[in-house]
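Student:
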Amino acid sequence: MPKNIRVAPRKFTVYTEKNLEKVPQLSRFSADQVLAMRAVAQVLPFRVNDYVIDELIDWDRVPDDPMFQLTFPQPGMLADGELDKMIDLLRKDAGKDDIKTEARRIQLGLNPHPAGQKSMNVPKLEGTEVAGMQHKYRETVLFFPSSGQTCHSYCTYCFRWPQFVGLDDMKFAAQEADRMVDYLKQHKEVNSVLFTGGDPMVMKTRVLRRYLEPLLADELNHIVSIRIGTKAMAYWPQRFVSDDDSDDLMRLYDEVHSAGRNLAIMAHYSHPVELSTPTGQAAMERVRQTGAVIRCQAPLIRHVNDDAEVWASMWKRQITLGAIPYYMFVERDTGPRQYFEVPLGRAYDIFSTAYRRVSGLARTVRGPSMSATPGKVLVDGVTEVQGQKVYALKFIQGRNPEWVNRIFFAKYDEHARWLDDLQPAFEDKWFWQDELEAMKQKGWSADWSDASHIDKRVSEFGHVQFA
Ligand code: SF4
Numbered sequence: 000m001p002k003n004i005r006v007a008p009r010k011f012t013v014y015t016e017k018n019l020e021k022v023p024q025l026s027r028f029s030a031d032q033v034l035a036m037r038a039v040a041q042v043l044p045f046r047v048n049d050y051v052i053d054e055l056i057d058w059d060r061v062p063d064d065p066m067f068q069l070t071f072p073q074p075g076m077l078a079d080g081e082l083d084k085m086i087d088l089l090r091k092d093a094g095k096d097d098i099k100t101e102a103r104r105i106q107l108g109l110n111p112h113p114a115g116q117k118s119m120n121v122p123k124l125e126g127t128e129v130a131g132m133q134h135k136y137r138e139t140v141l142f143f144p145s146s147g148q149t150c151h152s153y154c155t156y157c158f159r160w161p162q163f164v165g166l167d168d169m170k171f172a173a174q175e176a177d178r179m180v181d182y183l184k185q186h187k188e189v190n191s192v193l194f195t196g197g198d199p200m201v202m203k204t205r206v207l208r209r210y211l212e213p214l215l216a217d218e219l220n221h222i223v224s225i226r227i228g229t230k231a232m233a234y235w236p237q238r239f240v241s242d243d244d245s246d247d248l249m250r251l252y253d254e255v256h257s258a259g260r261n262l263a264i265m266a267h268y269s270h271p272v273e274l275s276t277p278t279g280q281a282a283m284e285r286v287r288q289t290g291a292v293i294r295c296q297a298p299l300i301r302h303v304n305d306d307a308e309v310w311a312s313m314w315k316r317q318i319t320l321g322a323i324p325y326y327m328f329v330e331r332d333t334g335p336r337q338y339f340e341v342p343l344g345r346a347y348d349i350f351s352t353a354y355r356r357v358s359g360l361a362r363t364v365r366g367p368s369m370s371a372t373p374g375k376v377l378v379d380g381v382t383e384v385q386g387q388k389v390y391a392l393k394f395i396q397g398r399n400p401e402w403v404n405r406i407f408f409a410k411y412d413e414h415a416r417w418l419d420d421l422q423p424a425f426e427d428k429w430f431w432q433d434e435l436e437a438m439k440q441k442g443w444s445a446d447w448s449d450a451s452h453i454d455k456r457v458s459e460f461g462h463v464q465f466a
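Each residue of the sequence shown is one higher than the last, beginning at 0 in numbering that gives the first Met the number 0.
1) Here's the rule: buried if 16 or more other CB atoms are within 10 angstroms of the residue's CB, otherwise exposed. What is W58?
2) Residues in the same chain with beta-carbon distance under 7 Å from R5, minus the five sequence neighbours each way, listed in chain order, please.
3) With distances taken between CB atoms, is the gap from P277 to Y50 smaller than 9 Å?
4) Should Q133 go down as buried or exposed, given a rule of 16 or more other Cβ atoms within 10 Å for buried?
5) Quick one: measure Cβ to Cβ for P271 and M313, integer angstroms, because I've assumed they're closer than 8 Å.
6) Can you tell me the Cβ-Cβ gap for F143 and A172, rounded? I've got them flagged as a contact below 8 Å.
7) Could you tell me whether the Cβ atoms of F71 and T155 are closer together than 9 Å?
8) Can we say the stretch 117 to 128 touches the stretch 37 to 44, given the rule of at least three CB pairs closer than 8 Å?
9) When every heavy atom of the ligand SF4 is checked, does at least one fall within less than 8 Å of the C-beta of W235?
10) DSSP three-state label for L534, please.
11) Leaving out the 5 sequence neighbours to the left and right, which residues in its chain are closer than 6 Å to D167 when beta-carbon positions are compared?
12) Taking only runs of the alpha helix (DSSP H) that begin and end inside the stretch 74 to 155, which ones reach a length of at least 4 residues, in chain order?
13) According to DSSP, is K184 helix, strand or coil?
14) Can the beta-carbon of Q296 be found less than 9 Å from the beta-carbon of F328?
15) Buried or exposed for N3, please, with buried defined as at least 16 other CB atoms from any protein chain shown within 10 angstroms of its CB.
16) Should N443 be counted as a contact of the ligand SF4 given a C-beta to heavy atom distance under 8 Å?
17) Mapping DSSP to helix, strand and coil, what is E284?
18) Using a Cβ-Cβ cut-off of 6 Å (strictly less than) and excluding sequence neighbours within five positions of L343, which residues of its own chain qualify?
19) Taking 8 Å as the cut-off, does the stretch 211 to 228 touch the stretch 256 to 275 (at least 3 CB pairs, one atom from each stretch)?
20) What are the residues that DSSP puts in a beta bridge with H267?
21) Hey, A524 and A353: beta-carbon distance below 9 Å or not?
22) Can you check which of these residues, V286, L435 and A38, is closest to E467 by C-alpha distance?
23) In or out: F194 buried (at least 16 other Cβ within 10 Å) or exposed?
24) Roughly how many whole angstroms lie between the Cα atoms of S275 and I264?
25) Using 10 angstroms around the beta-carbon of N48, count the other beta-carbons present and answer buried if the total reaches 16, otherwise exposed.
26) Can you pull the DSSP bridge partners for L193?
27) Looking at the unbroken alpha helix (DSSP H) that takes in L468, where does it start and where does it end?
28) When you compare each of N120, N304, R294 and R336 to L320 by their alpha carbons, which one comes out closest?
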């Protein structure tokens, strides 16, 4: 029986680098500490709303509080010399241009464009690029709606940070769904569309509807699932329960589900505290009542959640609240990663320890997983083969579908933090290396035109319609 969930509306108040000092709780910090935060916020994005400030951060635990680390600029995010220089510029009230120039210089040193996202993933339709889309894996396309390119708060470790500081102009994001729909009509090998950002859930419902509704057409029945990647469930659950168009949003979700698509809310939860508030829990309940599924994912981040107990507790809470633990990611090779990263060996230990502490229901989770240039690579084990300590790695997604589920081995290196830091254990190159190089030359992943069997299977199966 659906419950009638009511939560009092809350006004959305947001702080950015321009008014950071106005956050009332920062009065407990010294002027120098606040200045250091401002210095970091000149370089890396900062945005936090009052729900996070009032209900998720435990101000008696700052600066160690995980949600504070997750949302407020931390001095360690910049290298010492760079932090000092930026503080100096602010102290002497340097002009905007000088600060911007220095910030740009630092930003460009932070690997703003990892994993060939722009060079290899943008598909073409009749010879021109489809704005706002990426097609890296055969079955899935990513779609970036232009009005969903901010977030209710920004994560300090965000791998999409360049777009929030104007380094990646988001002109490539899509205004309308038409081109995506035309592309999908011609690409029956795709069965899943993932809306991503930023956060698509910053969009008003009427705008989101313009993107979702066209995907429900019969000629797109090969689209089995529509996913929405979002952190709004954690950062602004009011979006689902009390914002003025939240009822419309639930109707829209219900329509997508009723049209026979699997609607998956890919909820980014970094810490169990995000699942603990009455509003956060009400949002989950309400979303689930529409028939949508909530799948939970987050990167493993030092200072935020680098503790097996945190993950075990988070997965258990997700199960209790009817959600599905899905991914633990490795912090990507961009931005202030030196402050947040966890080496692969330790990441594997944390994952395995947490995994052992939960029941089979929570073991739907996969990780630690790297979204790297050739594909999604799982650190599946640390073991010994032929007397050599190695990482057992596995593709759970690959630019070439034939790579998926293949195991390969890398020399164990306790300092390695990413696939690029690893060396093959028994060969002089990775089994996929030559093929990946050829794809880079072509600027495209693979020829998927032999996917007619997928089309046939999906059309035979058809879609369940819920009256
Ligand atoms: S919610 Fe996602 S896109 Fe937004 S700041 Fe956090 S990690 Fe980045």
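Backbone N, C-alpha and C define an ideal beta-carbon position, used for all residues, glycine too. Bear in mind the structure is a predicted one, so any value in this text is a computation, not a measurement.
Tutor: Put simply:
1) Numbered from 1 along the sequence shown, position 59 holds the residue referred to as residue 58. So W58 counts as exposed.
2) Translated into the one-based positions of the sequence shown, residue 5 becomes position 6. Within the same chain, R5 has no close Cβ partners at all.
3) For this step, residue 277 is matched to residue 278 along the sequence shown. For this step, residue 50 is matched to residue 51 along the sequence shown. Contact: no.
4) The sequence position of residue 133 within the sequence shown is 134, counting from 1. Buried, since its Cβ has 16 or more Cβ neighbours within 10 Å.
5) Here the question's residue 271 lines up with position 272 in the sequence shown. Here the question's residue 313 lines up with position 314 in the sequence shown. Confirmed, about 4 Å.
6) Indexing the sequence shown from 1 puts residue 143 at position 144. Indexing the sequence shown from 1 puts residue 172 at position 173. So it is a contact: roughly 4 Å between Cβ atoms.
7) Walking along the sequence shown from the start, residue 71 turns up at place 72. Walking along the sequence shown from the start, residue 155 turns up at place 156. For the 9 Å CB-CB criterion, F71 and T155 form a contact.
8) Three or more beta-carbon pairs separated by less than 8 Å are not found between the stretch 117 to 128 and the stretch 37 to 44, which leaves the two stretches without contact.
9) By 1-based counting over the sequence shown, the position of residue 235 is 236. W235 Cβ: outside cutoff for every heavy atom of the ligand SF4.
10) The requested residue 534 is not part of the displayed model; the chain covers only 0 to 466.
11) Locating residue 167 in the sequence shown gives position 168, counting from the first residue. Correct list, in chain order: P161.
12) 79 to 90, 95 to 107 and 116 to 119
13) Sequence index remark: in the sequence shown, residue 184 carries index 185 (1-based). In the three-state reduction of the DSSP assignment, K184 falls in the helix class, which pools H, G and I.
14) On the sequence shown, position 297 is the one that residue 296 refers to. On the sequence shown, position 329 is the one that residue 328 refers to. In contact: Q296 and F328 (Cβ atoms closer than 9 Å).
15) For the purposes of this step, residue 3 is identified with residue 4 of the sequence shown, where counting begins at 1. By the 10 Å Cβ count, N3 comes out exposed.
16) The count along the sequence shown starts at 1 and reaches residue 443 at position 444. As written in the sequence, residue 443 is Trp, which differs from the Asn given in the question. For the ligand SF4, not one heavy atom lies less than 8 Å from the Cβ of W443.
17) Working through the sequence shown from its first residue, we reach residue 284 at position 285. DSSP places E284 in helix when its eight states are reduced to three.
18) The residue given as residue 343 occupies position 344 in the sequence shown. Answer for L343: V378 and A415, listed in chain order.
19) yes
20) Counting from 1 along the sequence shown, the entry for residue 267 is found at position 268. Answer by DSSP bridge pairing, in chain order: Q296.
21) Because the chain here runs from 0 to 466, residue 524 falls outside it and cannot be looked at.
22) Since the first residue shown for the chain is 0 and the last is 466, residue 467 is missing from the structure and cannot be characterised.
23) Position 195 of the sequence shown holds residue 194. Here F194 is buried: its Cβ has 16 or more other Cβ atoms, across all protein chains shown, within 10 Å.
24) The residue labelled residue 275 in the question sits at position 276 within the sequence shown. The residue labelled residue 264 in the question sits at position 265 within the sequence shown. S275 and I264: Cα-Cα distance of roughly 18 Å.
25) By 1-based counting over the sequence shown, the position of residue 48 is 49. It counts as buried.
26) Within the sequence shown, residue 193 is the residue found at index 194, counting from 1. According to DSSP, which records beta bridges pairwise, L193 is partnered with L141 and R226.
27) Residue 468 lies beyond the stretch modelled for the chain, which goes from 0 to 466, so this question has no answer here.
28) Stepping through the sequence shown from its first residue, residue 320 is reached at position 321. Cα-wise, what sits closest to L320 is R294.
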